[in-house]
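The listed protein sequences correspond, in order, to chains A and B.
First residue of the first sequence: 1, per the numbering used here; consecutive thereafter.
First residue of the second sequence: 1, per the numbering used here; consecutive thereafter.
2 protein chains.
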Amino acid sequence: MEPFVYRNPTEILFGPGTIREMASRIPPDAAVLWVYGGGSIRRNGVYEQTRDALGGRRFVEFGGIEPNPEYETCLRAVHVVRRERLDFVLATGGGSVLDAAKFIAAAARYEGPDPWEILRTHGEVVRSALPVGTVLTLPATGSEANGNSVISRRATREKLHFTSDHVFPTFSVLDPDTTLTLPARLVRNGIVDAFVHVTEQYVTRPAGAPLQDRMAEAVLATLIEVGPRTLADPADRDARASFMWAATLALNTLIGCGVPQDWATHMIGHELTALYGLDHAETLAVVLTGVWRHKLEAKRAKLEQYGRRVWQVLSAEDALRKTEMFFDAIGMPSRLGAYGISAAEAAEAVAHRFREQGWTFGEDGDIDADAARAVLLSRA
Amino acid sequence: MEPFVYRNPTEILFGPGTIREMASRIPPDAAVLWVYGGGSIRRNGVYEQTRDALGGRRFVEFGGIEPNPEYETCLRAVHVVRRERLDFVLATGGGSVLDAAKFIAAAARYEGPDPWEILRTHGEVVRSALPVGTVLTLPATGSEANGNSVISRRATREKLHFTSDHVFPTFSVLDPDTTLTLPARLVRNGIVDAFVHVTEQYVTRPAGAPLQDRMAEAVLATLIEVGPRTLADPADRDARASFMWAATLALNTLIGCGVPQDWATHMIGHELTALYGLDHAETLAVVLTGVWRHKLEAKRAKLEQYGRRVWQVLSAEDALRKTEMFFDAIGMPSRLGAYGISAAEAAEAVAHRFREQGWTFGEDGDIDADAARAVLLSRA
Chain A
1 MEPFVYRNPT EILFGPGTIR EMASRIPPDA AVLWVYGGGS IRRNGVYEQT RDALGGRRFV
61 EFGGIEPNPE YETCLRAVHV VRRERLDFVL ATGGGSVLDA AKFIAAAARY EGPDPWEILR
121 THGEVVRSAL PVGTVLTLPA TGSEANGNSV ISRRATREKL HFTSDHVFPT FSVLDPDTTL
181 TLPARLVRNG IVDAFVHVTE QYVTRPAGAP LQDRMAEAVL ATLIEVGPRT LADPADRDAR
241 ASFMWAATLA LNTLIGCGVP QDWATHMIGH ELTALYGLDH AETLAVVLTG VWRHKLEAKR
301 AKLEQYGRRV WQVLSAEDAL RKTEMFFDAI GMPSRLGAYG ISAAEAAEAV AHRFREQGWT
361 FGEDGDIDAD AARAVLLSRA
Chain B
1 MEPFVYRNPT EILFGPGTIR EMASRIPPDA AVLWVYGGGS IRRNGVYEQT RDALGGRRFV
61 EFGGIEPNPE YETCLRAVHV VRRERLDFVL ATGGGSVLDA AKFIAAAARY EGPDPWEILR
121 THGEVVRSAL PVGTVLTLPA TGSEANGNSV ISRRATREKL HFTSDHVFPT FSVLDPDTTL
181 TLPARLVRNG IVDAFVHVTE QYVTRPAGAP LQDRMAEAVL ATLIEVGPRT LADPADRDAR
241 ASFMWAATLA LNTLIGCGVP QDWATHMIGH ELTALYGLDH AETLAVVLTG VWRHKLEAKR
301 AKLEQYGRRV WQVLSAEDAL RKTEMFFDAI GMPSRLGAYG ISAAEAAEAV AHRFREQGWT
361 FGEDGDIDAD AARAVLLSRA
């Protein structure tokens, strides 16, 4: 096990009806920027419950945060914060809305000339942020209980992340009943997103960290158990609740303590979203087993353990097959062809971006331009 | 799954050499009460490293905290805090020292006439506390990452706990190398203590919380794997590190989110310590399977799952047997006779205390005086 620092101050309010509990968590004199997305919160009851919880506080609504939240949109929100002298950011929605809220909270306090620096430096320049509270309506990204945010800039086809202790939500409301009306596509995306968050922190070289391994396997086994149940019966409230909690624990950074981490699948995937507009989870399903196959020998011990404990199979190869079958079974294609994308073209385009930026990723730092090309060529 | 609130703000500094990191976590102008136990920190290097980390800060040492920390001793420490106008409590040691530090921190800020109220109300009267930092040297109680504390009052043979959000440590240093010189008896105690912390939150009635179940099983399986390794080879630093982290996650309150909890084993055990001076972990080893046998039908589904997933056995009865064999294998007797205690006498004495106090414990609230008597009679 490697040394680590772990701190996660976010208060989780979990369960049906917990939106009202946030009334006591937002300072009574707060002036709130209320951020949301395309308006689903007007159909699932979250809008009314949030407005009630805000009570008499002054608030300004800022809707229209996009999936893969857009930098320019966030800057408009920062302008509103400053103009209206707001001092608290409340996000109601999925990971994109939460990520936008975190960026807005950091950018509102950023004193440099160009807030893009927050993303270019992956958060190094962040010295403070407005407090952020969240009401999560889409289990997937784990953004409700970590200091991460991913922002896109369509003008330059960039998708960058930043991390800062200053943007951990002060509280996050997880009411699984708010997810009952989610379209199947978003549930499926959430299952795959949470699944790959775990594997990025677990399917690496062996690290002598048996507890972290077993906790990762606990989250994977839970997603495999309750994910399909969530899709098969949208009214199964127990399955929704466990799915929601599993997605949070997949990336509240606990299972990654003291172990090497990969994240190459995410980094290659971000490029596919930037280039082709694929959903984030779709890119993960496409890339994951490609990275595993490319690093089969280095990852073999972990893949065999994963196969044995999570899928009851004996070989690394069977573990890959089981993973692809799981994605298939929940209706998530894992090959580029299924999305009408030429693997040869995608491989060249992504390799070009990697070379241009000098990027290398993965727990061994060897997923470079050539590796990214090989990974994508294998996913035709 | 039941609704829950989860918040754990403690910063964990994990790894060899991390004691020095706390220098940046204690306010530079803090005046520190430095609490420790019988002096083991002078033999394992913790004393010098802590003194170095304190740098030029004003501090007052308060040694001599007992195992099962004594109320009167804590009150003397509170007197020192007030007399010397100290504003930070630093604990270096095992769970007893940490628990004492939490009580001292709460009592120093308590304005009522009788600080025993903190324990009598189990923390309800706690409105604030001095900040507490800890350097853990004995993995066992989980006190390094929760808001719990257990204090004893020998004069009245009472052992009571309190819980408060105000006494979560602001930071806890977990340097597994500080545990390399622990006597085998304390390691054994720690393994059993952590093990039973998990089962109290897991072996209950079924709760529709598959992720919490699997995380509990992850901690148990890890303790079963690395516990005996830690005892067999005191120099196995990997095993020490995983044992230390497992003991923390056993009771940082995460695995207990949204599930029923038992704690009857602890409550009966506390009485055995108060009456006979047994080590806390010894009482747990004695009582645990007695409670399980007494509640065999109500707990059968969970015991079968535990047996199947953790021990690869099929029946609840075999799960009990495997548990007792595990305690035996690490050298921890699980019957009262082995400690020279008459089961008949202990059963009557504990039942008397339960009746006198009107206590009922367990996830179904049915472990009363008669149940406690039956549990202890079965552990002759």
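C-beta atoms are modelled at their ideal positions from N, C-alpha and C, and glycine is treated no differently.
Here's the rule I'm using: 16 or more other beta-carbon atoms within 10 Å means buried, otherwise exposed. How should A/P27 be labelled? Along the first sequence, read from residue 1 onward, the residue named residue 27 of chain A stands at position 27. Classified as exposed, A/P27 has fewer than 16 neighbouring CB atoms from the shown chains inside 10 Å of its CB.
Sort B/G94, B/W116, B/A105, B/Y36 by Cα distance to B/Y71 and report the nearest one. Start at 1 with the first residue of the second sequence, and residue 71 of chain B comes out as number 71. It is B/W116.
How about A/L136 and A/S172: are their beta carbons less than 8 Å apart? Residue mapping note: residue 136 of chain A aligns to position 136 of the first sequence, counting from 1. Residue mapping note: residue 172 of chain A aligns to position 172 of the first sequence, counting from 1. Their beta carbons are under 8 Å apart, which means A/L136 touches A/S172 by this criterion.
Establish whether the CB of B/F4 and some CB of chain A are separated by less than 8 Å. Counting from one through the second sequence, the residue named residue 4 of chain B turns up at place 4. With 8 Å as the cut-off, B/F4 counts as an interface residue toward chain A.
Leaving out five residues before and five after A/A106 in sequence, what residues of the same chain have Cβ atoms less than 7 Å from its Cβ? Residue mapping note: residue 106 of chain A aligns to position 106 of the first sequence, counting from 1. Here the set comprises I118, V126, A129, S164, H166, V167.
Using 10 angstroms around the beta-carbon of B/T121, count the other beta-carbons present and answer buried if the total reaches 16, otherwise exposed. Position 121 of the second sequence, counted from the first residue, corresponds to residue 121 of chain B. That one is exposed.
Paired residues, beta bridge with B/Y6 - DSSP: Counting from one through the second sequence, the residue named residue 6 of chain B turns up at place 6. DSSP lists A/I12 as the beta-bridge partner residues of B/Y6.
Give me the residue from B/S149, B/L182, B/L376 with the minimum Cα distance to B/D236. For the purposes of this step, residue 236 of chain B is taken as residue 236 along the second sequence, with counting starting at 1. Of B/S149, B/L182, B/L376, the smallest CA-CA separation from B/D236 is found for B/L182.
On the DSSP letters alone, give me the boundaries of the alpha helix (DSSP H) that B/V34 sits inside. Counted from its first residue, the second sequence places residue 34 of chain B at position 34. Note that residue 34 of chain B corresponds to Trp in the displayed sequence, not to Val. No alpha helix (DSSP H) contains B/W34, which is instead part of the beta strand (DSSP E) from 31–36.
Using a C-beta cutoff of 8 Å, does B/V259 count as contacting chain A? In the second sequence, the residue the question calls residue 259 of chain B occupies position 259. Not closer than 8 Å to any Cβ of chain A, the Cβ of B/V259 fails to qualify, so no.
Residue from A/L86, A/G38, A/A319 with nearest C-alpha to A/T92: Counted from its first residue, the first sequence places residue 92 of chain A at position 92. That would be A/G38, whose Cα lies nearest to the Cα of A/T92.
Taking any Cβ of chain B, which residues in the stretch 223–235 of chain A have a Cβ under 8 Å from it, in chain order? Flagged, chain order: E225, V226.
Interface flag, B/V187 vs chain A, CB-CB below 8 Å: As a first step, residue 187 of chain B is located in the second sequence; it is residue number 187 there, counting from the start. Cβ-Cβ to chain A under 8 Å: no for B/V187.
Can you give me the C-alpha to C-alpha distance between B/F103 and B/L138, rounded to a whole angstrom? The count along the second sequence starts at 1 and reaches residue 103 of chain B at position 103. The count along the second sequence starts at 1 and reaches residue 138 of chain B at position 138. Answer to the nearest angstrom: the Cα atoms are 19 Å apart.
Within the stretch 17–90 of chain A, note down every full beta strand (DSSP E) run reaching 3 residues or more, in order along the chain. Counting whole runs of 3 or more residues, the stretch 17–90 of chain A contains the beta strand (DSSP E) stretches 31–36, 58–62.
Alpha carbons only, please: which of B/T204, B/H280, B/G258 is nearest the one belonging to B/G365? As a first step, residue 365 of chain B must be located in the second sequence, where it is residue number 365. Distance check between B/G365 and each of B/T204, B/H280, B/G258 places B/T204 closest, using alpha-carbon atoms only.
Could you list the residues in the stretch 6–20 of chain B with a C-beta less than 9 Å from some C-beta on chain A, going in chain order? Listed by position along the chain: Y6, R7, N8, P9, T10, E11, I12, L13, F14, G15, P16, G17, T18.
Residues of the stretch 280–303 of chain A with a CB closer than 7 Å to any CB of chain B: list them in chain order, please. Answer in chain order: no residues at all.
Could you please give me the residues that DSSP links to A/E158 through a beta bridge? Taking the first sequence and counting its residues from 1, one reaches residue 158 of chain A at position 158. In the DSSP output, where bridge partners are listed per residue, A/E158 has A/R153.
Distance between beta carbons of A/V192 and A/M332, contact taken as under 8 Å: Here residue 332 of chain A corresponds to residue number 332 of the first sequence, with the count starting at 1. Here residue 192 of chain A corresponds to residue number 192 of the first sequence, with the count starting at 1. Taking C-beta atoms under 8 Å as the contact rule, A/M332 and A/V192 qualify, at a distance of about 5 Å.
Any C-beta of chain A sitting closer than 8 Å to the C-beta of B/D238? Within the second sequence, numbered from 1, the residue matching residue 238 of chain B stands at position 238. Chain A has a Cβ within less than 8 Å of the Cβ of B/D238.
Let me know if A/G337 comes out buried or exposed under the rule of 16 or more other beta-carbons within 10 Å of its beta-carbon. In the first sequence, residue 337 of chain A corresponds to position 337, counting from 1. Only exposed fits A/G337, as fewer than 16 other CB atoms lie within 10 angstroms of its CB.
Chain-ordered neighbours of A/P210 on chain B, where CB pairs are closer than 7 Å: Looking up residue 210 of chain A in the first sequence gives position 210. Against A/P210, the close residues of chain B are T222, E225, V226, S242, in the order they occur along the chain (beta-carbon pairs closer than 7 Å).
DSSP puts A/S143 in a beta bridge; with which residues? Sequence index remark: in the first sequence, residue 143 of chain A carries index 143 (1-based). Listed as beta-bridge partners of A/S143 by DSSP are no residues whatsoever.
Helix, strand or coil for A/N148? Go by DSSP, reduced to three states. On the first sequence, residue 148 of chain A is found 148 positions in, with the first residue counted as 1. Here A/N148 sits in strand by DSSP.
Would B/L160 be called buried (16 or more neighbouring beta carbons within 10 Å of its own) or exposed? Residue mapping note: residue 160 of chain B aligns to position 160 of the second sequence, counting from 1. The Cβ neighbour count for B/L160, taken over all protein chains shown within 10 Å, is at least 16; the residue is labelled buried.
Opening and closing residue of the alpha helix (DSSP H) in which B/G190 lies: Residue mapping note: residue 190 of chain B aligns to position 190 of the second sequence, counting from 1. Looking at the DSSP string, the run of the alpha helix (DSSP H) that includes B/G190 is 184–200.
Considering only their Cβ atoms, is the gap separating B/S149 from B/S143 smaller than 8 Å? By 1-based counting over the second sequence, the position of residue 143 of chain B is 143. By 1-based counting over the second sequence, the position of residue 149 of chain B is 149. Contact: yes.
What does the alpha-carbon distance come out to for the pair A/G64 and A/L75? Along the first sequence, read from residue 1 onward, the residue named residue 64 of chain A stands at position 64. Along the first sequence, read from residue 1 onward, the residue named residue 75 of chain A stands at position 75. If you take the alpha carbons of A/G64 and A/L75, they lie about 13 Å apart.
Considering only C-alpha positions, which residue in the set A/G112, A/T289, A/D370, A/T179 is nearest to A/E124? On the first sequence, residue 124 of chain A is found 124 positions in, with the first residue counted as 1. Of the candidates A/G112, A/T289, A/D370, A/T179, the residue whose Cα lies closest to the Cα of A/E124 is A/G112.
Mapping DSSP to helix, strand and coil, what is B/I224? The residue given as residue 224 of chain B occupies position 224 in the second sequence. Under the three-state reduction of DSSP output, B/I224 falls in the helix class.
Residues in the same chain with beta-carbon distance under 7 Å from A/V187, minus the five sequence neighbours each way, listed in chain order, please. Mapped onto the first sequence, residue 187 of chain A falls at position 187. T230, L231, listed in sequence order.
Ends of the beta strand (DSSP E) at B/F171? One-based indexing of the second sequence puts residue 171 of chain B at position 171. Looking at the DSSP string, the run of the beta strand (DSSP E) that includes B/F171 is 171–174.
Assuming contact is defined by CB atoms lying nearer than 8 Å, are B/L33 and B/L98 in contact in what I supplied? In the second sequence, counting from the first residue as 1, residue 33 of chain B sits at position 33. In the second sequence, counting from the first residue as 1, residue 98 of chain B sits at position 98. No.
Do you know how far the Cα of A/V287 is from the Cα of B/R88? Here residue 88 of chain B corresponds to residue number 88 of the second sequence, with the count starting at 1. Here residue 287 of chain A corresponds to residue number 287 of the first sequence, with the count starting at 1. Before going on, a small fix: residue 88 of chain B reads as Phe here, not Arg. Computed Cα separation, rounded: 50 Å.
Starting from B/L136, trace the beta strand (DSSP E) in both directions and tell me its first and last residue. In the second sequence, residue 136 of chain B corresponds to position 136, counting from 1. B/L136 -> beta strand (DSSP E) spans 132–136.
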